[in-house]
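Undergrad: Pasting a structure below so you can have a look.
2 protein chains.
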Amino acid sequence: MPGTTLDAIATPALILDVARVDRNVTRLRAHLTDLGVAFRPHLKTAKSVDVARRLFPDGWGPITVSTLAEAEYFAAAGATDITYAVGLAPDKIARVGALVAGGVDVTVLIDTVEQAQALGAAARDGIAMPAVLIEIDCDGHRGGLLPDDAVVIAIAEALRAGGIEVRGVLTHAGESYACRGGVGLPEAAEQERAAAVAAAGRLRARGFAAPVVSVGSTPTAHFARMLDGVTEVRAGVFMFFDLVMHGIGVCAVDDIAVSVLATVVGHRADKGWILVDAGWMAMSRDRGTQRHPVDQGYGLVCDIDGTPYGDLIVADASQEHGIVTVRPGSDATLPMLPIGTRVRILPNHACATGGQHDAYRVVDSGGRDVIATWPRMRGW
Amino acid sequence: MPGTTLDAIATPALILDVARVDRNVTRLRAHLTDLGVAFRPHLKTAKSVDVARRLFPDGWGPITVSTLAEAEYFAAAGATDITYAVGLAPDKIARVGALVAGGVDVTVLIDTVEQAQALGAAARDGIAMPAVLIEIDCDGHRGGLLPDDAVVIAIAEALRAGGIEVRGVLTHAGESYACRGGVGLPEAAEQERAAAVAAAGRLRARGFAAPVVSVGSTPTAHFARMLDGVTEVRAGVFMFFDLVMHGIGVCAVDDIAVSVLATVVGHRADKGWILVDAGWMAMSRDRGTQRHPVDQGYGLVCDIDGTPYGDLIVADASQEHGIVTVRPGSDATLPMLPIGTRVRILPNHACATGGQHDAYRVVDSGGRDVIATWPRMRGW
Chain A
6 MPGTTLDAIA
16 TPALILDVAR
26 VDRNVTRLRA
36 HLTDLGVAFR
46 PHLKTAKSVD
56 VARRLFPDGW
66 GPITVSTLAE
76 AEYFAAAGAT
86 DITYAVGLAP
96 DKIARVGALV
106 AGGVDVTVLI
116 DTVEQAQALG
126 AAARDGIAMP
136 AVLIEIDCDG
146 HRGGLLPDDA
156 VVIAIAEALR
166 AGGIEVRGVL
176 THAGESYACR
186 GGVGLPEAAE
196 QERAAAVAAA
206 GRLRARGFAA
216 PVVSVGSTPT
226 AHFARMLDGV
236 TEVRAGVFMF
246 FDLVMHGIGV
256 CAVDDIAVSV
266 LATVVGHRAD
276 KGWILVDAGW
286 MAMSRDRGTQ
296 RHPVDQGYGL
306 VCDIDGTPYG
316 DLIVADASQE
326 HGIVTVRPGS
336 DATLPMLPIG
346 TRVRILPNHA
356 CATGGQHDAY
366 RVVDSGGRDV
376 IATWPRMRGW
Chain B
6 MPGTTLDAIA
16 TPALILDVAR
26 VDRNVTRLRA
36 HLTDLGVAFR
46 PHLKTAKSVD
56 VARRLFPDGW
66 GPITVSTLAE
76 AEYFAAAGAT
86 DITYAVGLAP
96 DKIARVGALV
106 AGGVDVTVLI
116 DTVEQAQALG
126 AAARDGIAMP
136 AVLIEIDCDG
146 HRGGLLPDDA
156 VVIAIAEALR
166 AGGIEVRGVL
176 THAGESYACR
186 GGVGLPEAAE
196 QERAAAVAAA
206 GRLRARGFAA
216 PVVSVGSTPT
226 AHFARMLDGV
236 TEVRAGVFMF
246 FDLVMHGIGV
256 CAVDDIAVSV
266 LATVVGHRAD
276 KGWILVDAGW
286 MAMSRDRGTQ
296 RHPVDQGYGL
306 VCDIDGTPYG
316 DLIVADASQE
326 HGIVTVRPGS
336 DATLPMLPIG
346 TRVRILPNHA
356 CATGGQHDAY
366 RVVDSGGRDV
376 IATWPRMRGW
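Okay, structure coming up:
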C-alpha cells in the first residue's frame with residue numbers, strides 16, 4: 006500500500022528501528038540493575054511519548070529533560086517525576102512552579118547562590134517549589150561547582166533558609182565524549198562517580214540529607230564498573246546511538262536505531278559524487294565525527310534495508326542536497342545507484358538529527374513496512 | 006505587558022528585526038532593477054508567508070523554494086509562480102503535478118536524461134506537467150552539467166519528445182561562499198552569468214526557446230556588475246543576512262536581521278565562561294565561520310538591544326547550553342552579566358538557525374516590543 010513502506014514514503018524522512026531501540030534499552034537497563042542504581046533516562050534525544058513507552062512499558066518511571074517544554078509535554082502524558090537538567094534561569098521559576106502545583110515532582114538544577122535566592126523569593130511569592138539538585142563539575146566540561154567549592158554549602162544553606170528541599174547533587178561527565186574506542190571510559194565513569202559522591206558527603210556532613218546522587222552520560226553509563234554511593238544514572242542518546250557514540254566506542258554500527266531515508270536525485274560521475282535529497286536540513290549540521298579517527302562526514306550511507314555500503318559517506322551537504330562519495334583515502338568504488346534509488350543514512354548525532362524532523366517513521370529490524378508514525382515535540 | 010517585550014518572552018527565542026529585513030530587501034531589489042533583471046527570491050531561509058509579504062507588499066511575485074512542502078505552503082497562501090530549485094526525484098513528480106493541476110506555474114530542475122524520461126512517463130500517465138529548467142554547473146560546487154555538455158541538449162530533446170516545456174537553464178554560484186571580504190565576488194558573478202548564458206545559447210541554437218536564464222546566490226546577486234542575457238536572479242539569505250555573509254563581505258554586522266534571544270543561567274569565573282540557555286538546539290550546529298579569518302564560534306553575542314559586546318562569542322555549545330567567552334586571541338575583558346541577563350546572539354547561518362525554531366518574534370529596530378509573532382513552516 007502506498008505510503009506505508011520505505012519504498013513509498015516521501016523523502017527525506019527520519020526512520021526509527023524499534024527493535025534496535027528495545028535492544029539498546031534492555032542492555033543499559035540490565036547493566037544499571039547489575040550496578041544497583043536507579044535509571045532516569047534523558048528524553049532530550051527522543052522527545053517522544055511513544056519512545057518513552059518503550060522505556061516504561063509498565064508505567065512512567067523517573068525521567069530527565071533538557072527544556073521546560075519537554076517537562077510540560079511529558080507531564081501532560083503522565084510523567085510525575087521529572088528532573089530538568091539545565092541550570093535554572095530565574096524567569097523560568099514560574100513555569101516550574103505551575104508543574105509542581107499540578108502534582109509533578111520536579112527537580113531543578115542550580116550552581117549559584119543567586120539562583121537559590123531567586124527560588125527563595127519565588128517561594129515567598131507563593132510559587133510552588135521544586136526540589137533542587139546542586140550541579141557538580143566532575144571534569145571541567147560545562148557548568149557546575151567543584152565538589153569542595155564552598156559555594157556548594159552556601160547554596161544549600163540559602164535553599165534551607167528559603168524552606169526549599171536540597172535533594173542532592175548532579176553531575177555529567179561531558180568530557181567522556183573526548184574518549185575514543187572505549188579507552189578511558191571506565192576511568193571517566195569513576196571520576197564522575199567520585200565527584201558526585203564527594204559533594205554529597207560534604208552536604209551530609211553539614212546536615213543536609215541530600216538523598217539523590219545523580220550521574221550520567223551515555224559513555225560513562227555503559228562503562229561504569231562500580232557506582233557505590235550513586236543513586237541514579239541519566240543517559241539519553243543510548244536509546245538510538247549514533248556515529249559519534251560508535252567512534253567513542255560505546256556501540257556498534259549495527260546498534261544505531263535512527264537513520265534518514267533519502268532518494269538519489271543526481272550524479273556527477275566526473276567528481277565521483279552521488280546527490281541525494283537529504284542535506285543538512287535533514288541530517289543537521291552536526292559534524293561530531295570531524296575530529297574522530299574515522300570522519301563520517303554528515304553520515305554513513307546504507308542501502309534501504311540499513312546495510313552500510315562500506316566507505317560511502319555524505320561528504321558534504323547543502324540545505325537540501327547531500328553529496329555522497331567514497332570516504333577520502335578508501336579504495337572502495339562508488340556503487341552505481343540509479344536516480345530514484347533509496348538509501349538510509351546513519352547520523353553523527355541522533356539528538357541533532359532528530360531535532361530536524363517532526364516524526365519518526367517506525368520500522369522493525371529487517372523490514373521495510375512502516376508500522377507506526379510517532380510524533381516528536383520541539384521548542385522551549 | 007508580560008510576554009510582549011524582549012525582557013519578558015520565554016528564551017531561547019528567534020528574533021527578527023523587520024526594519025532590517027525591509028532595508029536588505031530594498032537594497033537588493035534596487036540593485037537588480039539597475040541591472041535590468043527580474044527577481045525571484047528564495048524562500049528557503051524565511052519559510053514564512055509573513056516574511057514573503059515584506060518582499061511582495063503588492064501581491065505575489067515569482068519565488069524559489071527548496072522543498073515541495075515549501076511549494077505547497079506558499080501556493081496555499083497564494084503564490085502562483087514557483088521554481089523548485091532542487092534536482093527532481095522521480096517519485097516527487099506526482100506531488101508537483103498536483104500543484105500544476107491546481108493552477109500553479111511550477112518549474113522544476115533536472116540534469117539527467119533519466120529525469121526527463123521520468124517526466125515523460127508521468128505525462129503519459131496523465132499527470133499535469135511543470136515547466137523544466139536544466140541545471141548548469143558554473144563552478145563545480147554541486148550538481149548540474151557544464152554548459153557545453155552534450156547531455157544538456159539530450160535532456161532538452163527528451164523533454165520535447167515527451168511534450169514538456171524546456172523553459173531554460175538555472176545555475177547557482179555556490180563556490181562564491183568560499184570568497185572572503187568581497188574579494189573575487191564580481192568575478193564569481195560573471196562566471197555564473199557566462200555559464201548560464203552560454204548554455205541557453207546552445208539550447209537556442211538547437212531550436213529551443215529557453216526563455217528563462219536563472220542565476221543566483223546571495224553573494225553574486227549583490228556583486229554582479231552586469232547581467233546581460235540573464236532573465237532572473239535568485240537569492241534567499243540576503244533577507245536576514247548572517248555572520249557567514251558578513252565574513253564573505255556581503256553585509257555589515259548591523260545588517261543582520263535575525264538573532265537568538267537567550268538568558269544567562271550560569272558562570273564559570275575560573276574559566277572565563279558565561280553560560281546561556283541557547284545551545285546548538287537554538288543556534289543550530291552550523292559552524293560556517295569555522296574557517297573564516299574571524300571564527301564566530303556558534304554566534305556573536307550582543308546586548309538585548311542588539312549591540313555587540315565586542316569580541317564576545319558563543320565558543321561552544323551543548324544541546325541547551327551555550328558557553329560564552331571572549332574570542333580567543335582578543336584582549337577584551339569578559340563583561341559582568343548577572344544571572345538572568347538577556348542577550349541576543351547573531352547566528353553564523355540564518356537558514357540553519359531559523360530551521361531550529363517554529364516562529365519569529367518580530368521587533369522593529371531599536372525597540373524591545375514584540376510587535377508580531379510569525380510562524381515558520383518546516384518539513385518536506
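As they're listed, the protein sequences go chains A and B.
For the first sequence, my numbering assigns the number 6 to the initial residue and increments by one for each residue that follows.
For the second sequence, my numbering assigns the number 6 to the initial residue and increments by one for each residue that follows.
C-beta: ideal position from N, C-alpha, C; glycine also.
These figures come from a predicted structure and were not determined experimentally.
Cβ of Trp-65 (chain B) less than 9 Å from any chain A Cβ?
TA: no
Undergrad: Using the C-alpha atoms, what's the distance from Val-270 (chain B) back to Leu-124 (chain A)?
TA: 13 Å
Undergrad: Which same chain residues, not among the five before or five after Gln-2 (chain A), have their C-beta less than 7 Å away from its C-beta?
TA: For chain A, the structure presents residues 6 to 385; residue 2 (chain A) sits outside this window and is missing.
Undergrad: Roughly how many angstroms lie between the CA atoms of Ala-267 (chain A) and Ile-98 (chain B), to the nearest whole one?
TA: 16 Å
Undergrad: Would DSSP call Glu-197 (chain B) helix, strand or coil?
TA: helix
Undergrad: Taking only beta-carbon positions, decide if Trp-379 (chain B) is within less than 9 Å of chain A.
TA: no
Undergrad: Does the structure place the region 133-147 of chain A close enough to the region 97-113 of chain A that three or more beta carbon pairs sit under 8 Å?
TA: yes
Undergrad: Are Asp-171 (chain B) and Ala-161 (chain B) closer than 9 Å when you measure CB to CB?
TA: Residue identity differs from the one stated: residue 171 (chain B) is Val in this sequence, not Asp. Yes. Within cutoff.
Undergrad: If you compare alpha carbons, which of B:Leu-104, B:Asp-282, B:Arg-32 is closest to Tyr-78 (chain B)?
TA: Comparing Cα-Cα distances from Tyr-78 (chain B) to each of B:Leu-104, B:Asp-282, B:Arg-32, the minimum goes to B:Leu-104.
Undergrad: Tell me which residues share the same chain as Ala-90 (chain B) and place their Cβ nearer than 6 Å to its Cβ, disregarding the 5 neighbours each side in the sequence.
TA: Thr-69, Leu-114
Undergrad: Quick one: what's got a C-beta closer than 6 Å to Arg-26 (chain A)'s C-beta in the same chain, skipping five residues either side?
TA: Checking the sequence shown, residue 26 (chain A) turns out to be Val, not Arg. Shown here for Val-26 (chain A): same chain residues with a beta carbon closer than 6 Å to its own, the five before and five after excluded, namely Arg-59, Met-244, Ala-262 in chain order.
Undergrad: Cβ atoms of Gly-173 (chain B) and Leu-150 (chain B): under 9 Å apart, would you say?
TA: no
Undergrad: Alpha carbon to alpha carbon, how far is Asp-291 (chain A) from Gln-122 (chain B)?
TA: 36 Å
Undergrad: Please classify Pro-46 (chain B) as buried or exposed, where buried requires at least 16 neighbouring CB atoms within 10 angstroms.
TA: buried
Undergrad: Using a cut-off of 8 Å between C-beta atoms, extract the partners of His-326 (chain B) located in chain A.
TA: Val-91, Gly-92, Arg-147, Gly-148
Undergrad: In the structure shown, what three-state DSSP assignment does Trp-65 (chain A) receive?
TA: coil
Undergrad: What are the residues in the region 112-129 of chain A lying within 8 Å of chain B by C-beta distance?
TA: Asp-116, Thr-117, Glu-119, Gln-120, Ala-123
Undergrad: Just tell me which of A:Gly-66, A:Trp-65, A:Ala-80 has its CA closest to the CA of Thr-72 (chain A).
TA: Nearest of A:Gly-66, A:Trp-65, A:Ala-80 to Thr-72 (chain A), Cα basis: A:Ala-80.
Undergrad: So the alpha helix (DSSP H) Cys-307 (chain B) belongs to, where does it begin and stop?
TA: Segment 305-308 is the beta strand (DSSP E) holding Cys-307 (chain B); no alpha helix (DSSP H) there.
Undergrad: Do Leu-248 (chain A) and Cys-307 (chain A) have their beta-carbon atoms positioned less than 9 Å apart in this structure?
TA: Contact: no.
Undergrad: Quick one: which chain B residues come within Cβ less than 9 Å of Ile-344 (chain A)?
TA: Gly-92, Ala-94, Pro-95, Thr-117, Glu-119, Gln-120, Ala-123
Undergrad: My guess is that Ser-264 (chain A) and Gln-361 (chain A) are in contact by the Cβ rule of under 8 Å, so how many angstroms apart are they, rounded?
TA: Between the beta-carbon of Ser-264 (chain A) and that of Gln-361 (chain A) there is about 13 Å, and that puts the pair past the 8 Å contact cut.
Undergrad: Could you tell me whether the region 366-380 of chain A touches the region 222-232 of chain B, using the rule of 3 or more Cβ pairs below 8 Å?
TA: no
Undergrad: Shortest alpha-carbon distance to Gly-359 (chain A) belongs to which of A:Ala-194, A:Leu-11, A:Lys-49?
TA: A:Lys-49
Undergrad: Measure the Cβ-Cβ separation of Thr-338 (chain A) and Val-329 (chain A) and say whether it is below 9 Å.
TA: no
Undergrad: Quick check: what's the CA-CA separation for Gly-311 (chain B) versus Leu-305 (chain B)?
TA: 10 Å
Undergrad: Is there at least one Cβ from chain B nearer than 9 Å to Leu-280 (chain A)'s Cβ?
TA: yes
Undergrad: Should Ala-155 (chain A) be labelled buried (16 or more other beta-carbon atoms within 10 Å of its own) or exposed?
TA: exposed
Undergrad: Cβ of Gly-186 (chain B) within 9 Å of Cβ of Ile-253 (chain B)?
TA: The answer is yes: Cβ separation under 9 Å.
Undergrad: In the region 359-372 of chain A, which residues sit with their C-beta less than 8 Å from some C-beta in chain B, listed in chain order?
TA: Gly-360, Gln-361, His-362, Asp-363
Undergrad: Taking 9 Å as the threshold (beta carbon to beta carbon), is Arg-273 (chain B) in contact with chain A?
TA: yes
Undergrad: List, in order along the chain, the chain B residues whose C-beta lies closer than 7 Å to that of Ser-289 (chain A)?
TA: At a C-beta separation below 7 Å, Ser-289 (chain A) has these neighbours in chain B: Arg-290.
Undergrad: What are the boundary residues of the alpha helix (DSSP H) that includes Val-105 (chain A)?
TA: 98-106
Undergrad: Once DSSP output is grouped into helix, strand and coil, what is the label at Ala-90 (chain B)?
TA: strand
Undergrad: In whole angstroms, give me the CA-to-CA distance for Val-242 (chain B) and Cys-256 (chain B).
TA: 11 Å
Undergrad: What are the start and end residues of the beta strand (DSSP E) that includes Gly-241 (chain B)?
TA: Careful: Gly-241 (chain B) lies outside any beta strand (DSSP E) and carries neither H nor E.
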